[in-house]
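Line order of the protein sequences matches chains A and B. Numbering-wise, this note's numbering comes out as the position in the first sequence, counting from 1, plus 16. Numbering-wise, this note's numbering comes out as the position in the second sequence, counting from 1, plus 16. The structure under discussion appears below in the form of structure tokens.
Protein chains: 2
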Amino acid sequence: MSSQNLPTRTRILKATWELLDSNPGVAARMSDIAKKAGVSRQALYLHFPNRTELFIATTKYQDEVFGIQDGLAETRSAKSGTDRLRRYIEAWANHIPKIFGVAKTLMVMKETDADAATAWADRMQDMREGCAAAITALDAEDLLKPELDPDSATDILWTLLSISNWEQLTVTCGWPQPRYIERISAIAIQSLTLNEA
Amino acid sequence: MSSQNLPTRTRILKATWELLDSNPGVAARMSDIAKKAGVSRQALYLHFPNRTELFIATTKYQDEVFGIQDGLAETRSAKSGTDRLRRYIEAWANHIPKIFGVAKTLMVMKETDADAATAWADRMQDMREGCAAAITALDAEDLLKPELDPDSATDILWTLLSISNWEQLTVTCGWPQPRYIERISAIAIQSLTLNEA
DNA sequence: AGTGTCAATTGACACGATGTCAAGTAAGAG
DNA sequence: CTCTTACTTGACATCGTGTCAATTGACACT
């Protein structure tokens, strides 16, 4: 494959990534990861204290590979609050499939593992910032529905854009990604903003 | 406690219920359940083939206790499609907290356990029927947004009403239940129906 | 009483997975 | 040519599930 010459740590991370992607939500066994990376099982413990930390490190590795920006920050050029919201949703929506495998695994693990829970909460908090920023922009233009305060609106957007919802609509219901983006954007705009004139 | 005189099987189910409620998503250990039920660990295997089946049986026991109706079916008296939708959402929303502990556990387990996955899918499919019925009623009155076909609309409603979303808004964001009901109803109506005149 | 049945207990065990430990190996740098 | 560092090998403790076999105790039938 491609990863013959990479440092061991990176090979492990790549192997983990691939394995989690190929079976989202199922926490791969350490022995499987070792086999895939072409190292001994013990080598994993030389680089990561335990499985949870290995998975968390894998999400950080993904951030590194994608570059945190990945379009998520570039809402600068938006010409209106609504437009900015739309762009943010699209950017996030297109980010989800890339991280889904690993993220889903962490999502499942957070229920039983405190470290996973913290890592996941941090991650979701970051994403919430993006939502909050989009809502603030709307509010600044008085586009927010009058019955919604910015916090509630952020909660709603944050929830609408959850990975679970993306999974249900695309994976379970079989929606193609463009449809997901179109519909979820429409729902967000209809729920959060005053009728677009 | 209250369960001294009940048949062993029921005591086990009650113990499982309480344990899963007290720590949703965390699959209690067989030995804990046994202790709580006041029976030996092996007694559990006398009544249920394995842990997954015990949990599934617990959800069925809950259905029995609540009576499947529990208000979920009584949409008869609705005076309009929109009203019916509202009532359905409220009924389901009030049902969720009762089943949350056990449901969440099954939800987590479905990722790694085929039997849990099937049981969960069945359950969600039943709930989807309710969504579909509400959408059909809307459609019959031509209240559905023209760009939505009934299937897509059902997908959307089904997703909006997911247990994950309820959890995120009430547990994580701290919304009180009435606020959840009010907001999620508003979102559903705004996203699915023509502007209420 | 006497016997059989059924539910539950007791204690032991195999298995699979994580994480730990200690000793060995191999390759590169001084 | 040896020292160091990274990795391997194989063994082991631990924990939880699920299985098994032998035992107990209550109740019912006659």
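Don't be surprised by glycine CBs; every beta carbon is placed ideally from N, CA and C. Model, not experiment: these values are computed from the prediction.
Proximal chain B residues relative to residue i, where beta-carbon distance stays under 8 angstroms
i                : result
ILE105 (chain A) : Result: empty, since nearest Cβ-Cβ is about 14 angstroms, beyond 8 angstroms.
SER207 (chain A) : ALA202, ILE203, GLN206 and SER207
Contacts of residue i in chain A (Cβ-Cβ under 7 angstroms)
i                : result
SER180 (chain B) : SER178 and SER180
GLU127 (chain B) : GLY41, VAL42 and VAL124
CYS147 (chain B) : Per Cβ cutoff of 7 angstroms: no residues; CYS147 (chain B) is ~12 angstroms from chain A at best.
GLN184 (chain B) : THR175 and SER178
Length of the line joining the Cα atoms of residue i and residue j
i                : j                : result
GLY146 (chain A) : ILE172 (chain A) : 13 angstroms
ALA50 (chain B)  : GLU69 (chain A)  : 33 angstroms
ILE112 (chain A) : LYS161 (chain A) : 28 angstroms
SER38 (chain B)  : THR75 (chain A)  : 30 angstroms
GLY97 (chain B)  : ILE197 (chain A) : 27 angstroms
LEU22 (chain B)  : VAL81 (chain B)  : 14 angstroms
ALA31 (chain A)  : ASP48 (chain A)  : 9 angstroms
GLN141 (chain A) : LYS120 (chain A) : 16 angstroms
GLY41 (chain A)  : ALA137 (chain B) : 16 angstroms
ALA130 (chain A) : TRP182 (chain B) : 22 angstroms
GLN78 (chain A)  : LEU159 (chain B) : 45 angstroms
ALA150 (chain A) : SER56 (chain B)  : 56 angstroms
ALA43 (chain A)  : VAL187 (chain A) : 19 angstroms
CYS189 (chain B) : ALA148 (chain A) : 14 angstroms
GLU34 (chain B)  : ARG67 (chain B)  : 15 angstroms
ASP99 (chain A)  : GLU157 (chain A) : 12 angstroms
LYS114 (chain A) : GLN58 (chain A)  : 29 angstroms
ASP155 (chain A) : HIS63 (chain A)  : 46 angstroms
ALA135 (chain A) : GLU127 (chain A) : 12 angstroms
ALA202 (chain B) : ARG139 (chain B) : 25 angstroms
ARG195 (chain A) : PRO166 (chain B) : 15 angstroms
SER18 (chain B)  : MET46 (chain B)  : Any reading at SER18 (chain B) must be qualified, since the residue scores a pLDDT of 46, below 50, and its modelled position is unreliable; no value is offered.
GLU163 (chain A) : ALA107 (chain A) : 27 angstroms
PRO65 (chain B)  : LYS52 (chain B)  : 19 angstroms
LEU101 (chain B) : LEU29 (chain A)  : 47 angstroms
TRP191 (chain B) : GLN193 (chain A) : 30 angstroms
TRP174 (chain B) : TRP174 (chain A) : 18 angstroms
Which residues DSSP lists as bridging residue i, in chain order
i                : result
THR209 (chain B) : B:LEU160
Cβ-Cβ distance between residue i and residue j below 8 angstroms
i                : j                : result
ILE200 (chain B) : ILE105 (chain B) : yes
LEU210 (chain B) : ALA169 (chain B) : no
ARG25 (chain B)  : GLY54 (chain B)  : no
ILE12 (chain A)  : MET123 (chain A) : Nothing in the structure corresponds to residue 12 (chain A), since chain A is present only between 17 and 213.
LEU176 (chain A) : ALA153 (chain A) : no
ALA132 (chain B) : MET125 (chain B) : yes
LEU36 (chain B)  : GLY117 (chain B) : yes
ARG103 (chain A) : ALA109 (chain A) : no
GLN206 (chain B) : GLN206 (chain A) : yes
Residue i CB to nearest heavy atom of the ligand PLP below 7 angstroms
i                : result
ALA149 (chain B) : Annotation note on the ligand PLP: not contained in the displayed structure, which lists no ligands.
Contacts that residue i makes with chain A (C-beta to C-beta distance below 8 angstroms)
i                : result
ARG199 (chain B) : SER168 and ILE172
> Unbroken alpha helix (DSSP H) runs of length 4 or more, entirely within the region 34-89 of chain B: which are they?
Replying inline: 46-53, 57-63 and 67-82
>> Give the list of continuous alpha helix (DSSP H) stretches no shorter than 4 residues that lie fully inside the region 176-209 of chain A.
In response: 179-182 and 193-208
>> Report the start-end ranges of each beta strand (DSSP E) in the region 91-138 of chain A that is 3 residues or longer and not cut off at the edges.
In response: none
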